[in-house]
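Worksheet for the structure shown next.
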Amino acid sequence: MYNWISALADLQTRGESCVLVTIIEELGSTPRNAGSKMVVSASQAFDTIGGGHLEYKAMEIARRMLASGQQNTHLERFSLGASLGQCCGGVTVLLFEPMGQVQAQIAVFGAGHVGRALVPLLASLPCRVRWIDSREAEFPEHLPHGVRKIVTEDPLDEVDELPPGSYCIVMTHNHQLDLELSAAILKRNDFAYFGLIGSKTKRVKFEHRLRDRGFDSGTLQRMRCPMGIGEVKGKLPVEIAISIAGEIIATYNADFGQHTSRAEPIAKLLPVSRRSQR
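Taking full-length UniProt numbering, I'd label the letters of the sequence shown as residues 1 to 278.
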């Protein structure tokens, strides 16, 4: 059996999300002591916090967190005898810590100067990147971890392959291709973010052509063009890339801190007799 630290390292190397479960408080007879850990992924569990119904419930909670994309840590108290039917009968408090959660699935269409400056920035974030272009020679020899290179004669085909809620960035070398990609992305209309590189003049021209194709104003308003943080005025590829990356971060962190954690202070999760000693 993998120990938890080896499993955690392997999962993070593969970019696979998981939850680290730790016993942080124990009272009375419990199967393992405080500090014991296990790692739970969507399909496997590594190491142990003692087995039995406690471990089953811990895996259930951890996988529910993975499925919902929960980012916050979570505390939960278990009475082993009363609620779980385990003969040891003590009390355990578990800490659930999401690890390696992907904040955004990003598709970057275009491997030009700005794309080559942008993709390494995105790869350093908790994101997975599809980097798409028809020109293989434009890609660097070595790709950052978490980036998948897609060379295709028809980048439009890749729009259909994107998972719902993707972040779409269009910056190809061809304005007509930019227009066709914009139409395909807006037609799906299930993206979390869609940015098109270009000026306000380009936006006006594209909006006119897209309206001719039947797109309404509400849908067109979802298109960010110019994209990026407006306060960043530089025109160097790296300056534009930083501006775009900043807007991506602002988008996926828009509700950061807005969710109330269900976790209570540790003391409140302990029995009255134990709390009185603190």
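A virtual CB, placed ideally from N, CA and C, is assigned to each residue, including glycine.
Going by DSSP, which residues form a beta bridge with residue i?
{"i": "Trp-131", "result": "Val-108, Lys-149"}
{"i": "Ala-45", "result": "Val-40"}
{"i": "Ile-169", "result": "Val-108, Gly-195"}
{"i": "Leu-27", "result": "Val-91"}
{"i": "Arg-77", "result": "Val-93"}
{"i": "residue 309", "result": "In this structure the chain extends from 1 to 278, so residue 309 is not present and cannot be described."}
{"i": "Arg-224", "result": "Gly-195"}
Evaluate residue i with the Cβ neighbour count: other Cβ atoms within 10 Å of its Cβ, from every protein chain shown; 16 or more gives buried, anything less gives exposed.
{"i": "Thr-13", "result": "exposed"}
{"i": "Ala-58", "result": "buried"}
{"i": "Lys-37", "result": "buried"}
{"i": "Leu-11", "result": "buried"}
{"i": "Arg-130", "result": "buried"}
{"i": "Val-204", "result": "exposed"}
{"i": "Ile-5", "result": "exposed"}
{"i": "His-145", "result": "exposed"}
{"i": "Leu-236", "result": "exposed"}
{"i": "Ala-254", "result": "exposed"}
{"i": "Gly-35", "result": "exposed"}
{"i": "His-142", "result": "exposed"}
{"i": "Gly-115", "result": "buried"}
{"i": "residue 332", "result": "Because the chain in this structure spans residues 1 to 278, residue 332 falls outside the shown range and cannot be described."}
{"i": "Gly-257", "result": "Because Gly-257 carries a pLDDT of 40, less than 50, the predicted location of this residue cannot be relied on, and the following value inherits that uncertainty. Its Cβ having fewer than 16 others within 10 Å, Gly-257 is exposed."}
Sorted by chain position, which residues of the same chain lie with C-beta nearer than 8 Å to residue i's C-beta, five sequence neighbours on each side aside?
{"i": "Val-102", "result": "Gly-15, Ser-17, Pro-126, Cys-127, Arg-128"}
{"i": "Gly-69", "result": "Gln-101"}
{"i": "His-113", "result": "Pro-237"}
{"i": "Leu-186", "result": "Phe-194, Leu-210, Phe-215, Thr-219, Leu-220, Arg-222, Met-223"}
{"i": "Ala-241", "result": "Val-114, Ala-117, Leu-118, Leu-121"}
State the Cα-Cα distance for the pair residue i and residue j, rounded to the nearest angstrom.
{"i": "Phe-139", "j": "Pro-163", "result": "23 Å"}
{"i": "Ala-111", "j": "Asp-133", "result": "6 Å"}
{"i": "Ala-104", "j": "Glu-180", "result": "23 Å"}
{"i": "Gln-221", "j": "Glu-161", "result": "23 Å"}
{"i": "Val-19", "j": "Glu-76", "result": "14 Å"}
{"i": "Ala-192", "j": "Val-39", "result": "30 Å"}
{"i": "Gly-214", "j": "Thr-152", "result": "28 Å"}
{"i": "residue 279", "j": "Leu-8", "result": "There is simply no residue 279 to check, as the chain begins at 1 and stops at 278 in what is shown."}
{"i": "Ser-124", "j": "Leu-118", "result": "10 Å"}
{"i": "Asn-72", "j": "Glu-97", "result": "7 Å"}
{"i": "Arg-64", "j": "Tyr-56", "result": "12 Å"}
{"i": "Lys-202", "j": "Thr-251", "result": "23 Å"}
{"i": "Ser-199", "j": "Met-99", "result": "39 Å"}
{"i": "Asp-157", "j": "Asp-190", "result": "16 Å"}
{"i": "Val-159", "j": "Gln-176", "result": "16 Å"}
{"i": "Val-232", "j": "Glu-26", "result": "52 Å"}
{"i": "Ile-249", "j": "Glu-239", "result": "15 Å"}
{"i": "His-53", "j": "Val-21", "result": "15 Å"}
{"i": "Glu-207", "j": "Ala-62", "result": "45 Å"}
{"i": "His-74", "j": "Ile-197", "result": "40 Å"}
{"i": "Arg-32", "j": "Leu-94", "result": "12 Å"}
{"i": "residue 351", "j": "Phe-78", "result": "The question about residue 351 has no answer, for the chain in this structure spans 1 to 278."}
Whose C-beta lies closer than 6 Å to the C-beta of residue i among residues of the same chain, with five residues either side of it excluded?
{"i": "Gly-195", "result": "Ile-169, Arg-224, Met-227"}
{"i": "Gln-44", "result": "none"}
{"i": "Ala-42", "result": "Leu-66"}
{"i": "Phe-109", "result": "Ile-132, Pro-155, Val-170, Thr-172, Leu-181"}
{"i": "Gly-165", "result": "Ala-192"}
{"i": "Glu-136", "result": "Val-151"}
{"i": "Ile-106", "result": "Leu-122, Cys-127, Val-129, Tyr-167"}
{"i": "Arg-188", "result": "none"}
{"i": "Arg-148", "result": "Arg-130"}
{"i": "Gly-234", "result": "none"}
Looking only at its own chain, which residues have a Cβ that is under 7 Å from the Cβ of residue i, when we skip the five neighbours before and after it?
{"i": "Arg-209", "result": "Leu-179"}
{"i": "Ala-245", "result": "Leu-118, Leu-121, Leu-122"}
{"i": "Asn-3", "result": "Asp-47"}
{"i": "Ala-183", "result": "Leu-210, Arg-213"}
{"i": "Ile-229", "result": "Ser-243, Gly-246, Glu-247"}
{"i": "Ser-217", "result": "none"}
Using a Cβ-Cβ cut-off of 8 Å, state whether residue i counts as contacting chain B.
{"i": "Ser-36", "result": "Given the protein chain composition of this structure (a single chain), no chain B is represented."}
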